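Down below is the structure, laid out as structure tokens.
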Amino acid sequence: MGLTSALNTAVFGITYNQRQLDVTASNIANADTAGYSKKIISANVYFDGNGNVAGMNATEVRRIVNEQIQSDYFNSLADTSYSRQIADFTDRLDDIFGTIDDKSSLSSLAGNLSAALAGLVNDPGNYAVQKDVVSAAEAFAREINSSYEQIADLRQEADNALASQTDSVNGLLSSIEDIDEAIQNATQSGVSTADMEDERDRLIEQLSGYIDIDVTKNDNNSISIRTASGDQLYADGQASTLTFDATHLLQPGQAGNSVMVRTPGGTQFDLIASSKSGSMQATAELRDDILVEAQTQLDTIAAELSLAFSNVNVESTAATVGLDSGFDLDVSALQPGNTITLDYTDSSGNPQTVTLVAVDDPALLPLDNSATANPGDTVFGIDISSGVPATYITNITAALAGTGLLVSNDGSDNLRVLGDNTAPTSVESLSANVTVTANSDQGLGLAIFVDQRAGTDLFTDALEGGGQRLGYASGISVNPDLLADSALLVNYQTTPTPNTTNDPARAQFLSDALSVGTKHYDPGSGIGSASTPFQGTLLGFVNQTVAFQGNQAEDAATYANSKEALTMNLAIRYEQSYSVDLDAELAFMVQLENAYAANARVMQTIKDLFEELLNIV
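Following my numbering, the numbering of the sequence shown begins with 1388 at its first residue and continues without gaps.
Below is the structure:
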């Protein structure tokens, strides 16, 4: 190697050492800076035709990042944010419903009402015991009201959170657009982009918590960002824009607005529908599904509680015409939402159940089988808007035309349903379940609870207007007549002979309504399924609902903890892949200083040799 080549090597070595010293010093200075990745110098040595060093490029600063671990970590952030948001809200939801052992929970208050009614059975004429029942009913109704409103507040909180999240995502996309443009400009100018790429990664990391995204790095060092479904959020240096219209008053059962995205090219899509995870997906799911389901559970409790006390069975009487036998039923007391149940055996010998549901709006017809919770019945809607029982029977006759039964008016405006001896078909039972409209002389039923959302109305479970059941939990209240006269809990008959104040018949009916009678409950409440809905007592359903909320919160917390553990593990591995090892960097700096000094000595030696040569000349 000639002196010139040796000098070039030493000069380039010093240049490289100095650049590496600068980068190493930066690594050391930023060792504790969040998101800072270790940097190294990428050097390229060029040789002339004689194999001598002709030049060196030591300007490219590269980051040390494991991109596979980075991708896994970013992807896990969406799942963790999703699960943590769900766990937070379901934990608060569980607090609203309380636990079975909590004295202020729905379960405990329902138990208190049941115990008060049981006490009334034993001492029906005791005014203090009557007042205990009224007080227990008031406490239960207030707790249902309060729980419903608290859940409504959670829904509103979730809606507001979506608005805030939308603003945050727009801000992150805008910042990514700015830093991506700066990276492009720096790349074209030959300036290091390593620190700017760190900043871009930090923005993507934040964005990953809101939405599950797919990030692609392009050949020109820019990136593209798409949703889990492949819709564009950022591409070709331009960010899409998110819009969200907050719903200032979410009505019962009403889904809130979604987050819409408009791409720079003008394409629009629904961000929530295009996502599968992330805090925004969780927030929308809470607002429109999980919290709505909880309100439905409260509506179901309120509705079934009212119906259990206020509805009575109207039994039919046996009827025979020639060889055909069946039953006659008074249908004059039907109100919207009330039902008639018919059990019969068809011509093939198969047992069948038909439920006729009274409606006041013929536009609701026909009804499908989901109109009742019973998975084994066939449902027909019956128009009673005329108010004329004879017309009801005409409509029922038309509805049952395909059953093979003989359906008619008995001549006194009662519904007659007979089996057909020649078919053959047979009628097993026929009854109606109707809501009492007065406090006495209509059987043992009593409307302990009424609907006070718009005045004071009887709750009949009418289907009109979206269904009286929808949102009923917000308006259930103790009947003002009962508040004024607690003896109504006992006095159920004025004619022909008034019952005495010591008659336990009504008290027993009301007590049994809570803890004895079983039925199917609306699977739309999330308790059971359409094919196997929950079947049991009203107290059992309340307890099951409280347990459901506790299990849901526990499952959500377990899932969130597992996702957080995974993300924490990936975060540690990710940080280890890019973080600065301070001891290693300090040791490397010593090596660089020694190398710098060695190159300097080489240059000094070459300088001395050149001087000797000049002196010889």
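From the three backbone atoms N, C-alpha and C, an ideal C-beta is built for every residue, glycine too.
These numbers were taken from a predicted model, which means no experiment stands behind them.
Here Asn1700 carries a strand assignment [DSSP, helix/strand/coil]. The three-state secondary structure of Arg1674, taken from DSSP, is helix.
The beta carbon of Ser1898 is closer than 8 angstroms to those of Ser1501, Leu1504, Ala1505, Leu1507, Val1508 in its chain, skipping five residues each way along the sequence.
Contact annotation: Ile1483 and Ala1681 have beta-carbon atoms nearer than 9 angstroms. Of Val1929, Phe1461, Asn1608, Asn1607, the smallest CA-CA separation from Ile1600 is found for Phe1461. As a beta-bridge residue in DSSP terms, Ser1864 pairs with Val1837. In the three-state scheme derived from DSSP, where H, G and I count as helix and E and B as strand, Tyr1621 is classed as strand. Across the structure, Gln1619 and Gln1593 are spaced so that their CA atoms are roughly 18 angstroms apart.
Counting along the chain, no alpha helix (DSSP H) covers Leu1751, and no H or E run does either. Here DSSP, grouped into helix, strand and coil, assigns Thr1905 to coil. In the displayed model, Val1602 falls within a strand according to three-state DSSP.
When secondary structure is reduced to three states using DSSP, Gln1739 falls in the strand class. Per DSSP, the unbroken beta strand (DSSP E) holding Leu1629 starts and ends at 1628-1630. 9 angstroms or more divides the Cβ of Leu1792 from the Cβ of Ser1697. Looking at the backbone, the Cα of Leu1875 and that of Ala1526 are separated by about 19 angstroms. Of the residues assessed, Leu1710 falls on the exposed side of the cut-off, its CB having fewer than 16 other CB atoms within 10 angstroms. By DSSP's assignment, Val1814 forms a beta bridge with Tyr1731. The C-alpha of Ala1810 lies about 32 angstroms from the C-alpha of Val1821. For the set Ala1788, Asn1808, Ala1786, Thr1781, the Cα lying nearest the Cα of Asn1796 is the one of Thr1781. Between the segment 1713-1732 and the segment 1741-1759, the count of Cβ pairs shorter than 8 angstroms is three or higher; the stretches touch. Taking a cut-off of 8 angstroms for Cβ pairs, the segment 1544-1554 and the segment 1669-1681 touch, as three or more such pairs fall below it. If you look at Val1516, you'll find it isn't in any beta strand (DSSP E); it sits in the alpha helix (DSSP H) that goes 1514-1576. A Cβ-Cβ separation of about 6 angstroms places Leu1925 in contact with Glu1691 under the 8 angstroms criterion. Separation of the CB atoms of Ala1892 and Leu1831 is rounded to 6 angstroms, and the pair is thereby assigned contact status at 8 angstroms. Counting only the Cα atoms, Asn1644 lies some 26 angstroms from Asp1481. Judged by DSSP secondary structure, Leu1793 falls within the beta strand (DSSP E) whose first and last residues are 1793-1796. Between Asp1770 and Ser1719, the gap from beta carbon to beta carbon reaches 9 angstroms or more.
Pro1910 sits in a helix when the DSSP states are folded into three classes. Taking Thr1467 as the centre and dropping the five residues before and after it, the same chain places the C-beta of Gly1596, Ala1947, Lys1950, Glu1951, Leu1953, Thr1954 closer than 8 angstroms to its C-beta, in chain order. Across the structure, Gln1931 and Ala1894 are spaced so that their CA atoms are roughly 25 angstroms apart. Residue pairing by DSSP leaves Met1667 without any beta bridge partner. Comparing C-alpha distances from Asp1585 to each of Ser1576, Ala1569, Ile1598 shows the shortest one belongs to Ala1569. In the DSSP assignment, Ile1612 falls within the beta strand (DSSP E) that extends over 1610-1614. Take Gly1665, set aside five residues on each side of it, and the residues of its chain with a beta-carbon closer than 6 angstroms to its own are Ala1465, Ser1468, Tyr1469, Tyr1597, Ile1598, Asp1599, in chain order. Collapsing the DSSP output to three states places Arg1856 in coil. In the DSSP assignment, Ala1819 forms a beta bridge with Val1701, Ile1727.
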